[in-house]
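Contents: one structure, followed by commentary.
Residue numbers (this note's numbering): 1291 to 1622.
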């Protein structure tokens, strides 16, 4: 009767050899064509373990998990595959590593995709905000240009008005000076008029003189040449009647009514001057000239050597009039 072989010491089946498996001392037998490791139960059932040589312990440490406690086995006996942790093939480990790497890659890809989407959304939001900022900047720049133009316009207007104000101030200063002059003249005129009114009741002109149009006039009754008449007026601190200051024919009416001719203070320069000795002194005398005279309401130019009456004029003495001014003309 044939002795049956034990499971641990049986030889590999021809079918297993035909299937392409290889066996060696202390190694697992896996199909070479399989890329995915079989279940542990299948591995334990299909892989035979060789017997340990006499005097040696079975190679349990090589196939067992050091973290899992196990029982000691008798020498010469291989441990049961179902009781110890089987060793994994390199192909299966590579496949497992690839699967783990694939899962990690998928996870990382998802995380990166999420981050990319977030960045894309952030970029779009930033671009939108940038577009809004650019629009706001353009609007502000347009408003700035308008404001700048308006400011320049107002500055020009301000400069023009300042220039006009400067001219106005200059004109005002001139007018103020003129007003002061006019005011001074007015004050003088008022004083003169008041004094002349006072002359009605007092003697502002010397004896033999008459007051006419704010002037004291002396009308001679004797006749002299123009030069002699002029010297007579000068001796009385007066001048021959100056017709330039009066309109024509404004001499007193009694002069016209007398039908006489009077010398007045104007001379033509047709002649020449000569020194003349008079009273031991030399004087200059104008010869061969014509002088103005009033004849019957008209002014005539006659030879200065003719002898006529003359008219002297001078300002009235207002000091005496102010001392004897009537109460109604007196100032406070």
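Beta carbons: idealized from backbone N, C-alpha and C, even for Gly.
- Around the CB of residue 1599, 16 or more other CB atoms lie within 10 Å, so the residue is classed as buried.
- Taking 8 Å as the upper bound for CB-CB distance, residue 1602 and residue 1581 are not in contact here, some 15 Å apart.
- Judged by DSSP in its simplified three-state form, residue 1505 adopts strand.
- About 5 Å separates the beta carbons of residue 1494 and residue 1607, which is inside the 8 Å limit, making them a contact pair.
- With contacts defined by Cβ atoms closer than 8 Å, residue 1555 and residue 1531 form a contacting pair.
- Minimum Cα-Cα distance from residue 1514 among the listed residues 1552, 1440 and 1384 corresponds to 1552.
- DSSP places residue 1600 in the uninterrupted beta strand (DSSP E) bounded by 1599-1604.
- Classified as exposed, residue 1434 has fewer than 16 neighbouring CB atoms from the shown chains inside 10 Å of its CB.
- By the neighbour-count criterion, in which a residue is buried when 16 or more other Cβ atoms sit within 10 angstroms of its Cβ, residue 1436 is exposed.
- Checking the DSSP bridge columns, you'll see residue 1500 partnered with 1507.
- Taking a C-beta distance under 8 Å as the contact criterion, residue 1526 and residue 1508 qualify as a contact pair.
- Just so you know, the alpha carbons of residue 1403 and residue 1416 end up roughly 19 Å apart.
- In the DSSP assignment, residue 1518 falls within the alpha helix (DSSP H) that extends over 1516-1525.
- The C-alpha of residue 1448 is placed about 35 Å away from the C-alpha of residue 1472.
- C-alpha of residue 1438 to C-alpha of residue 1412: approximately 38 Å in a straight line.
- Taking all protein chains in view, the Cβ of residue 1517 is crowded by 16 or more other Cβ atoms within 10 Å, so the residue is classified as buried.
- Residue 1419 has its alpha-carbon roughly 40 Å from the corresponding atom of residue 1392.
- As the crow flies, the alpha-carbon of residue 1529 is around 56 Å from that of residue 1450.
- The three-state secondary structure of residue 1551, taken from DSSP, is strand.
- Taking each of 1470, 1443, 1383 and 1605 in turn and checking the Cα distance to residue 1496, the smallest one comes out for 1605.
- Only exposed fits residue 1590, as fewer than 16 other CB atoms lie within 10 angstroms of its CB.
- Nearest in C-alpha terms to residue 1520, of all of 1470, 1467, 1480 and 1583, is 1583.
- Taking residue 1505 as the centre and dropping the five residues before and after it, the same chain places the C-beta of 1603, 1604, 1605 and 1606 closer than 8 Å to its C-beta, in chain order.
- Burial is judged here by how many other beta carbons sit within 10 angstroms of a residue's own beta carbon; residue 1499 has at least 16 and is buried.
- DSSP places residue 1418 within a helical segment (H, G or I) once states are collapsed to three.
- Classified as exposed, residue 1446 has fewer than 16 neighbouring CB atoms from the shown chains inside 10 Å of its CB.
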